[in-house]
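Asks: Residue numbers (our numbering): 152 to 489.
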């Protein structure tokens, strides 16, 4: 039987490799934008790794903290929080100096029609953060969608491939990367650019979205026939361990699962567990947003949870009455409109 407590425990129990890497870090860890989908469990994962490492250091979560459930998870487990509107320069500048920063703040959903705020959050704010924390090691959350759509036969984009963002959201995300790359060049800031494709938490994600459509009898679009995704616990571990791989010039790494996942196959497997046959719409395409994560697999090892187990867990979570975050991924989007 799945419960919120069981899911959070799985997401926040550190591996031996994470504990070893946390012990190697110098100084405290601050997570900017910690109140979003991944931030609360990342902060708690960091705190648990610190405790197991035996090395005293602070884990500081910074956010507006608009979600009371996420805030309670952090405060109940002793994570230090600082409420802060990062877009207010005075509040940002008042934050303590720290050696290690995870930058997660940004805007994606609802960006179409709200382009000015999108650029402010994804390009202007990073410039202020890069200036404030120029002496820190910084892991910068980015998106695999800064690459263009590529043929499935390519195996996905590698870090050395040219970017080609589609739409203003991904253009602004690339601007975020460029701002931190400039800080690495100009100030010698050590930067790790973390290009993520689809973390899966069970309360949200591509598998959750597919399961909801199956249960509602809604067709699943297959114009984009495949995708990458990764267990959020492993994605968060890679973000924290990335602090040791921050470099000047900036280091770029694709973060996702090792498989190219067929949407039809994943939906049919979900349907078997849910007891309902999925339906599909559109003509199956031959290209997609795809990232090749070989470098991440070589650096950090494979995700702790396979795609097949994730599919089973996702169905069980929904059948056991697990809540959703109401944050659809728009995994089928091909024109950059979010």
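Yeah, the Cβ is synthetic: ideal placement off N, Cα and C, and Gly gets one too.
Name the one or two DSSP bridge partners that residue 308 has.
Replies: Counting from one through the chain shown, the residue named residue 308 turns up at place 157. 442.
Asks: Considering only the alpha carbon of each residue, which of 292, 189, 478 lies closest to residue 330?
Replies: Within the chain shown, numbered from 1, the residue matching residue 330 stands at position 179. With distances taken between Cα atoms, residue 330 lies closest to 292.
Asks: Short check: CB of residue 343 to CB of residue 286, under 8 angstroms?
Replies: In the chain shown, residue 343 corresponds to position 192, counting from 1. In the chain shown, residue 286 corresponds to position 135, counting from 1. Not a contact, by the Cβ cut-off of 8 angstroms.
Asks: Find out if the Cβ-Cβ distance for the pair residue 421, residue 363 is shorter than 8 angstroms.
Replies: Along the chain shown, one-based indexing puts residue 421 at 270. Along the chain shown, one-based indexing puts residue 363 at 212. Not a contact, by the Cβ cut-off of 8 angstroms.
Asks: Quick one: what's got a C-beta closer than 6 angstroms to residue 473's C-beta in the same chain, skipping five residues either side?
Replies: Numbered from its first residue, the chain shown carries residue 473 at position 322. For residue 473, where only same-chain residues beyond five positions count, the Cβ hits under 6 angstroms are 153.
Asks: Hey, which unbroken runs of the alpha helix (DSSP H) at 4 residues or more fall wholly within the region 251–320?
Replies: Listed in chain order, the complete alpha helix (DSSP H) runs (minimum 4 residues) inside the region 251–320 are 266–270, 276–283.
Asks: Distance check for residue 409 and residue 367, CA to CA, integer angstroms please.
Replies: For the purposes of this step, residue 367 is taken as the residue at position 216 of the chain shown. For the purposes of this step, residue 409 is taken as the residue at position 258 of the chain shown. For residue 367 and residue 409, the distance between alpha carbons rounds to 30 angstroms.
Asks: For residue 240, collect the residues of the same chain with a Cβ closer than 7 angstroms to its Cβ; drop the 5 residues on either side in sequence, then sort them by chain order.
Replies: As a first step, residue 240 must be located in the chain shown, where it is residue number 89. Within the same chain, residue 240 has close Cβ partners 279.
Asks: Can you give me the C-alpha to C-alpha distance between residue 166 and residue 159, rounded to a whole angstrom?
Replies: Working through the chain shown from its first residue, we reach residue 166 at position 15. Working through the chain shown from its first residue, we reach residue 159 at position 8. Straight-line Cα distance between these residues: approximately 15 angstroms.
Asks: Taking the alpha helix (DSSP H) that residue 362 belongs to, which residues open and close that run?
Replies: In the chain shown, residue 362 corresponds to position 211, counting from 1. Taken as a continuous stretch (DSSP letters only), the alpha helix (DSSP H) holding residue 362 covers 357–367.
Asks: Could you give the residue range of the alpha helix (DSSP H) that holds residue 204?
Replies: By one-based count along the chain shown, residue 204 stands at place 53. Element bounds for residue 204: 190–204.
Asks: Give me whichever residues DSSP pairs with residue 346 in a beta bridge.
Replies: Within the chain shown, residue 346 is the residue found at index 195, counting from 1. Answer by DSSP bridge pairing, in chain order: 293, 405.
Asks: Is residue 219 helix, strand or coil by DSSP?
Replies: Reading the chain shown from its first residue, position 68 is the one you call residue 219. Helix, per DSSP.
Asks: Beta-carbon within less than 7 angstroms of residue 310's beta-carbon, same chain only, minus the 5 sequence neighbours each way: which residues are those?
Replies: Working through the chain shown from its first residue, we reach residue 310 at position 159. The residues are 403, 404, 405, 446.
Asks: Check for me: the beta strand (DSSP E) holding residue 231 runs from which residue to which?
Replies: By 1-based counting over the chain shown, the position of residue 231 is 80. Start and end: 231–234.
Asks: Taking only the alpha-carbon atoms, compute the straight-line gap between residue 205 and residue 175 and give it to the nearest angstrom.
Replies: The count along the chain shown starts at 1 and reaches residue 205 at position 54. The count along the chain shown starts at 1 and reaches residue 175 at position 24. Cα to Cα, residue 205 sits roughly 11 angstroms from residue 175.
Asks: Determine the closest residue to residue 319 out of 303, 459, 353, 264, with distance taken between C-alpha atoms.
Replies: For this step, residue 319 is matched to residue 168 along the chain shown. Residue 264 is the option with its Cα nearest to residue 319.
Asks: Would DSSP call residue 431 helix, strand or coil?
Replies: Sequence index remark: in the chain shown, residue 431 carries index 280 (1-based). Of the three classes helix, strand and coil, the one that applies to residue 431 here is strand, per DSSP.
Asks: At a cut of 8 angstroms, does the region 203–219 reach the region 232–239 through at least three beta carbon pairs?
Replies: Output reads yes: the region 232–239 touches the region 203–219.
Asks: Less than 8 angstroms separating the beta-carbons of residue 383 and residue 350?
Replies: In the chain shown, counting from the first residue as 1, residue 383 sits at position 232. In the chain shown, counting from the first residue as 1, residue 350 sits at position 199. For residue 383 and residue 350, yes; Cβs fall inside 8 angstroms.
Asks: By Cβ distance below 6 angstroms, which residues in the same chain neighbour residue 456 in space, the five residues on each side in sequence not counted?
Replies: Residue numbering aside, residue 456 sits at position 305 when the chain shown is read from its first letter. Once the five neighbours on either side are set aside, the close Cβ partners of residue 456 are 382.
Asks: Between residue 373 and chain C, is any beta-carbon pair separated by less than 8 angstroms?
Replies: No chain C appears in the structure shown, which is made up of a single protein chain.
Asks: Using CA coordinates, which residue listed in 411, 378, 470 is at the minimum distance from residue 356?
Replies: Taking the chain shown and counting its residues from 1, the one referred to as residue 356 is at position 205. The residue with the shortest Cα to Cα distance from residue 356 is 378.
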